[in-house]
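Below: the structure, in structure tokens.
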């Protein structure tokens with residue numbers, strides 16, 4: 001526990017030194033806030049674009065607050081996933097390449113403690129940033145569009161957070177195998193994309209795949225009732241996260257023994 | 001009109017914050033991956049994406065602390 005605390009503390013100081021503590025929340029906040037605001041200004045933007053023929057009439061229905069928040073989530077799903085992968089790709093690879101890993105493991109440190117300290121720090125940072133940004137987007141939606149009930153917002157937030165945890169775990173997992181950060185980012189995004197493609201190809205198992213998490217959280221926003229297959233997705237995602245963590249620790253143990 | 005400015009204020013503030021922090025960290029860095037002046041141009045000219053690019057791939061962190 002003492003070692004975990006020391007490593008955990010080191011992770012936070014390092015994140016501060018790289019300014020990850022500042023830029024990551026700022027970027028996530030920007031991505032989520034832009035959606036409600038740009039939707040609000042969409043009529044004005046269209047009006048001022050001068051490549052429309054004169055006399056063109058565009059009637060846009062005003063979206064409800066639920067639809068706007070759902071749109072924010074799916075906007076975050078594409079850009080946010082890439083940002084999370086970019087932010088996590090360097091974590092293990094860098095320490096392996098500059099030799100600090102060798103120095104660390106010449107002391108009696110278990111690989112599980114090392115991986116777990118990194119994982120906990122990344123999860124806390126990302127979930128904190130996402131929750132704050134989602135809250136801000138909710139606030140904006142309430143002001144600009146119609147009110148969205150808090151109960152459906154926090155449920156969708158919690159469910160979507162699982163996807164973020166999964167993406168962080170996948171990126172760390174790939175990071176224990178490869179030695180180049182570009183490769184780590186590429187393969188992690190490939191894995192995330194293939195989950196989505198798989199759910200399109202085989203719709204029968206789609207309700208068990210983690211890509212269903214986005215649909216679930218947007219559904220929760222649109223109608224406020226509980227979904228029947230919510231348990232299936234949650235179980236597979238949690239099992240997947242735990243399995244990835246365990247394999248990662250085992251695999252990492254092999255690679256740091258010299 | 002005032003309404004619009006108030007709405008956009010947080011976004012402009014965050015963008016400005018990103019720019020300033022990236023610039024300060026770039027100036028204070030002993031070494032960056034590639035020429036430093038190029039990074040300053042990128043941070044300054046490409047909004048939002050520029051600072052992120054610098055933070056993700058521009059920083060050189062191979063000194064052991």
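Protein chains in written order, with full-length UniProt numbering: chain E, 1 to 258; chain G, 1 to 65. For glycine and all other residues, C-beta sits at the position ideal for the given N, C-alpha and C. These numbers were taken from a predicted model, which means no experiment stands behind them.
Apart from the 5 residues on each side of it in sequence, residue 86 of chain E sits with its Cβ closer than 8 Å to the Cβ of 185 in its chain, given in chain order. Within chain G, the residues 14, 17, 18 have their CB atoms less than 7 Å from the CB of residue 26 of chain E, given in chain order. The residue from E:35, E:103, E:132, E:118 with its alpha-carbon nearest to that of residue 4 of chain E is E:118.
A contact is defined here as three or more CB-CB pairs under 8 Å, and the region 30-45 of chain E meets this definition with respect to the region 63-77 of chain E. Near chain E, meaning a CB-to-CB distance below 7 Å, the residues of the UniProt domain "Cardiolipin synthase N-terminal" (18-59) of chain G are 18, 21, 25, 48, 51, 52, 55, 56, 59.
Distance between residue 206 of chain E and residue 148 of chain E, taken at the CA atoms: about 28 Å. Between residue 26 of chain E and residue 14 of chain G, the gap from beta carbon to beta carbon is short of 8 Å. At least one CB of chain E lies nearer than 8 Å to the CB of residue 7 of chain G. Counting C-beta pairs closer than 8 Å gives fewer than three between the region 149-166 of chain E and the region 92-108 of chain E, which falls short of the contact rule.
Only 83, 86, 87, 89, 90 from the region 72-90 of chain E bring a Cβ to less than 9 Å from some Cβ of chain G. Its Cα nearest to that of residue 152 of chain E, the residue E:222 stands out among E:54, E:49, E:222, E:104. In terms of Cα proximity to residue 229 of chain E, the closest of E:238, E:131, E:212, E:255 is E:212. Residue range 150-175 is occupied by the alpha helix (DSSP H) that includes residue 152 of chain E. Taking 8 Å as the CB threshold, residue 19 of chain E lines the interface with chain G. Excluding the 5 residues flanking it on each side, residue 7 of chain E has same chain C-beta neighbours closer than 7 Å at 113, 114, 117, in chain order. Neighbours of residue 22 of chain E in chain G, taken as residues whose beta carbon is under 7 Å from its own, are 21 in chain order. Across the set E:189, E:66, E:45, E:82, the C-alpha of E:66 shows the shortest separation from the C-alpha of residue 140 of chain E. The beta carbon of residue 37 of chain E falls within 8 Å of a beta carbon belonging to chain G, placing the residue at that interface. Within the model, the alpha-carbon separation for residue 40 of chain G versus residue 58 of chain G is close to 10 Å.
Beta bridge pairing from DSSP links residue 59 of chain G with G:32.
Straight across, the Cα-Cα distance linking residue 171 of chain E with residue 52 of chain E is about 45 Å. Taking C-alpha positions only, residue 13 of chain E is separated from residue 124 of chain E by approximately 14 Å. When C-alpha distances from residue 122 of chain E are compared across E:200, E:44, E:21, E:178, the shortest belongs to E:21.
Contact annotation for residue 29 of chain E against chain G: 14 [CB-CB distance below 7 Å, chain order].
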